[in-house]
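These protein sequence lines map, in sequence, to chains H and C. If you read the first sequence in the UniProt record's numbering, its first letter stands for residue 1, the second for the next number, and so on. If you read the second sequence in the UniProt record's numbering, its first letter stands for residue 1, the second for the next number, and so on.
Number of protein chains: 2
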Amino acid sequence: MISVVILGSGNVATHLFKAFNQAEDIVINQWYSRRITAIASYKNDVEIIDDLSLIKDADVYILAVSDDAISELSSQLPFENKLVLHTSGSVSVYDIDKKHKRGVFYPLQTFSKEAEIDFSTVPICIETIDKKSYPIIKNLALTIGSPTKRVNSDQRKVLHLAAVFVNNFTNQLYRIGHEITESQGAEFDLLKPLILETAKKVQDLSPFKAQTGPAKRHDKKTIRKHLKLLEDQHHEDIYQLLTTSIQHTHGRKKL
Amino acid sequence: MISVVILGSGNVATHLFKAFNQAEDIVINQWYSRRITAIASYKNDVEIIDDLSLIKDADVYILAVSDDAISELSSQLPFENKLVLHTSGSVSVYDIDKKHKRGVFYPLQTFSKEAEIDFSTVPICIETIDKKSYPIIKNLALTIGSPTKRVNSDQRKVLHLAAVFVNNFTNQLYRIGHEITESQGAEFDLLKPLILETAKKVQDLSPFKAQTGPAKRHDKKTIRKHLKLLEDQHHEDIYQLLTTSIQHTHGRKKL
Ligand SMILES: NC(=O)c1ccc[n+]([C@@H]2O[C@H](COP(=O)([O-])OP(=O)(O)OC[C@H]3O[C@@H](n4cnc5c(N)ncnc54)[C@H](OP(=O)(O)O)[C@@H]3O)[C@@H](O)[C@H]2O)c1
Ligand SMILES: NC(=O)c1ccc[n+]([C@@H]2O[C@H](COP(=O)([O-])OP(=O)(O)OC[C@H]3O[C@@H](n4cnc5c(N)ncnc54)[C@H](OP(=O)(O)O)[C@@H]3O)[C@@H](O)[C@H]2O)c1
Chain H
1 MISVVILGSG NVATHLFKAF NQAEDIVINQ WYSRRITAIA SYKNDVEIID DLSLIKDADV
61 YILAVSDDAI SELSSQLPFE NKLVLHTSGS VSVYDIDKKH KRGVFYPLQT FSKEAEIDFS
121 TVPICIETID KKSYPIIKNL ALTIGSPTKR VNSDQRKVLH LAAVFVNNFT NQLYRIGHEI
181 TESQGAEFDL LKPLILETAK KVQDLSPFKA QTGPAKRHDK KTIRKHLKLL EDQHHEDIYQ
241 LLTTSIQHTH GRKKL
Chain C
1 MISVVILGSG NVATHLFKAF NQAEDIVINQ WYSRRITAIA SYKNDVEIID DLSLIKDADV
61 YILAVSDDAI SELSSQLPFE NKLVLHTSGS VSVYDIDKKH KRGVFYPLQT FSKEAEIDFS
121 TVPICIETID KKSYPIIKNL ALTIGSPTKR VNSDQRKVLH LAAVFVNNFT NQLYRIGHEI
181 TESQGAEFDL LKPLILETAK KVQDLSPFKA QTGPAKRHDK KTIRKHLKLL EDQHHEDIYQ
241 LLTTSIQHTH GRKKL
């Protein structure tokens, strides 16, 4: 049995609470939020607090708060030598106050409150300073059914950076697809199966092998037509740059 | 019962052959390829030809050939006044020789020979010049279980353009994620569940609502760290441009 205290009440904290709450071998001793109203609806399931001086003993403290708040909140914790983890992809493990045993529990997924999440699709990237903490953190992840991967700081930062490309930037391309279609009387909905298939394809095939389309074919005629069709300079810049990037990857260097 | 002749032996032609071949209400009279060896392995399932003078009568002729070949191949067909369709997102329906009844059967999906395709996830965008052809084409699509959408030329071209963004460009972002991770000792595989979840999210949520991350949060510190971490100028340019694009969409205009 692992006992935890969750701190924070945002996307990650809320999904972690739900997963831990359902897991067999985890007990949530408390849930802290600086705004108690944010978690008041869970008060029958767990002890909720907004006062750090009331914080109880536990095996693990998880700071699922904004990146900028991790350092300060960790130093405000009224104890030392306990295992304190943050959940960020980009914050240094050393940002946690050095009075604690420090580690990272970085869930490599996109969380939002609207969408349910299946933790078996959430790889947990684990970083620790002392080796003894590792099996505890690994167990914590396994208990909610998540795959785990031990990483060092550099690897975690690179994974977070790559996640920005495949998640935030990809989503912005979906957004542009939405803008282009809807502004010109076509339906974004028609693109949804393609979006899904594009993501599915690279589950087995490398993105290199999965590539198709006018840029890869160096099909200048279609590329010219597309650039003419784009009404927004911004979209045109993105079209040019990503076309060049594909051609860079697949043979030629210039548009 | 609808009778068809398929022309071409690439990705689209091959997947269409398989789907038509399994469908109840379609008979494939012939399959034409200029390189008969490319389809020789199907010779027990269908009559294969490489000589246009041998082409038989059918309700529909489908030119699933390279964009550039559509016009010429259509004029080489030794008959007239029959329904001839191409499968391209960007080629004009008027590129088909005017001696035919002309239409477009544009499957809005990504096809490659390696990956099986479920035609219920392939919206068929239908364009016709004469109205009478429409129900025949629609039936053809329904018989293989595909949803259909009647579009005009402008809509089809815009859908094709948007498909380049959500498919080819997105795939290139996956590729960059692959390059970044593997070049710095991290595992691309860890990103695969995130890639899938990002695509799933916009099946129900708009890309606008689904957006998260440092660009949307205007988190300058993380953005600076990321730019420093990127080793390739090309990746840096893409990071800058898509970050600006997200900030453009979500409030501010400059990085
Ligand atoms: N969302 C994701 O997809 C995702 C994925 C992987 C990792 N992460 C990481 O997980 C952590 C939390 O992210 P999130 O998406 O859950 O953020 P979020 O939804 O914005 O929630 C942030 C939480 O931090 C609290 N907070 C902010 N400043 C605080 C302070 N000074 N003292 C105490 N609490 C404070 C907020 O409280 P208020 O509500 O009172 O402001 C809120 O509960 C971050 O490190 C993030 O990088 C996020
Ligand atoms: N792939 C996709 O994801 C996708 C999706 C939607 C629509 N489309 C459209 O579907 C059509 C076919 O695309 P594809 O991906 O199947 O292409 P592909 O795999 O490159 O195959 C092209 C086919 O066209 C044949 N061809 C080329 N020039 C010819 C000519 N002059 N005369 C006769 N045959 C000729 C090729 O024959 P050889 O093998 O002898 O060269 C080959 O069989 C294109 O209009 C494309 O825009 C493709």
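Note that beta-carbon positions come from the ideal geometry of N, C-alpha and C, so glycine has one too.
- Taking C-beta atoms under 8 Å as the contact rule, Lys101(H) and Asp68(H) fail to qualify, at a distance of about 22 Å.
- The contact set of Thr170(H) on chain C, defined by CB atoms closer than 7 Å, consists of Thr170, Leu173, Thr198 in chain order.
- Short of 7 Å from the beta carbon of Ile39(H), and not among the five residues preceding or following it, lie these beta carbons of its own chain, in chain order: Ser9, Trp31, Ser33, Ile48.
- Closest in C-alpha terms to Glu231(H), from the list Ser112(H), Ile55(H), Ser183(H), comes Ser183(H).
- In the DSSP assignment, Arg156(C) forms no beta bridge with any residue.
- Under the three-state reduction of DSSP, Gln172(C) is assigned to helix.
- With contacts defined as CB atoms closer than 8 Å, Tyr106(H) and Arg156(H) qualify as a contacting pair.
- Of the heavy atoms belonging to ligand 1, at least one sits nearer than 7 Å to the Cβ of Glu72(H).
- By the rule that beta-carbons nearer than 8 Å mark a contact, Asn21(H) does not touch chain C.
- Following the DSSP letters along the chain, one finds Thr222(C) inside the alpha helix (DSSP H) bounded by residues 220 to 229.
- Exclusion of the five residues before and after Phe79(H) leaves no residue of its chain whose Cβ lies closer than 6 Å to its Cβ.
- By the neighbour-count criterion, in which 16 or more other beta carbons inside 10 Å mark a residue as buried, Arg150(C) falls on the exposed side.
- Against chain H, the CB of Glu80(C) has no partner CB under 8 Å away; the residue lies outside that interface.
- If you ignore the 5 residues before and after Asn11(H), its C-beta comes within less than 7 Å of the C-beta of Phe111, Ser112, Lys113, all in its own chain and listed in chain order.
- DSSP lists no beta-bridge partner residue for Ser120(H).
- Lys101(H): member of the beta strand (DSSP E) spanning 101 to 107, first to last residue.
- 8 Å or more divides the Cβ of Ile126(C) from the Cβ of Thr143(C).
- Close to Phe208(H), with beta-carbon spacing below 8 Å, are these residues of chain C in chain order: Arg175, His178.
- Per DSSP, Tyr32(C) lies in no alpha helix (DSSP H); the unbroken beta strand (DSSP E) holding it starts and ends at 26 to 32.
- The beta carbons of Leu190(H) and Pro123(C) sit closer together than 8 Å.
- A residue is called buried when at least 16 other Cβ atoms come within 10 angstroms of its Cβ; Asn81(C) does not meet this threshold and is exposed.
- Taking 8 Å as the threshold, the shortest C-beta distance from Gln109(C) to chain H falls below it.
- Taken atom to atom, the span from the alpha-carbon of Gln203(C) to that of Lys201(H) is near 17 Å.
- A distance below 8 Å between beta-carbons, with the five flanking residues on each side excluded, links Val4(H) to the following residues of its chain, in chain order: Phe20, Ile26, Val27, Ile28, Asn29, Ala58, Asp59, Val60, Tyr61, Ile62, Leu140.
- Tyr61(C): member of the beta strand (DSSP E) spanning 60 to 63, first to last residue.
- Secondary structure at Ile144(H): coil, using DSSP grouped into helix, strand and coil.
- The continuous beta strand (DSSP E) containing Ile2(C) extends over residues 2 to 7.
- At a cut-off of 8 Å between beta carbons, Lys98(C) makes no contact with chain H.
- For Val65(H), the CB falls within less than 7 Å of some heavy atom of ligand 1.
- Look at Gly10(C): its beta carbon is less than 7 Å from one of the heavy atoms in ligand 2.
- When only Cα atoms are considered, Lys220(C) and Ile180(H) end up about 28 Å apart.
- In terms of Cβ geometry, Gln76(C) and Leu242(H) do not form a close pair [threshold 8 Å].
- Against chain C, the CB of Phe165(H) has a partner CB under 8 Å away; the residue lies at that interface.
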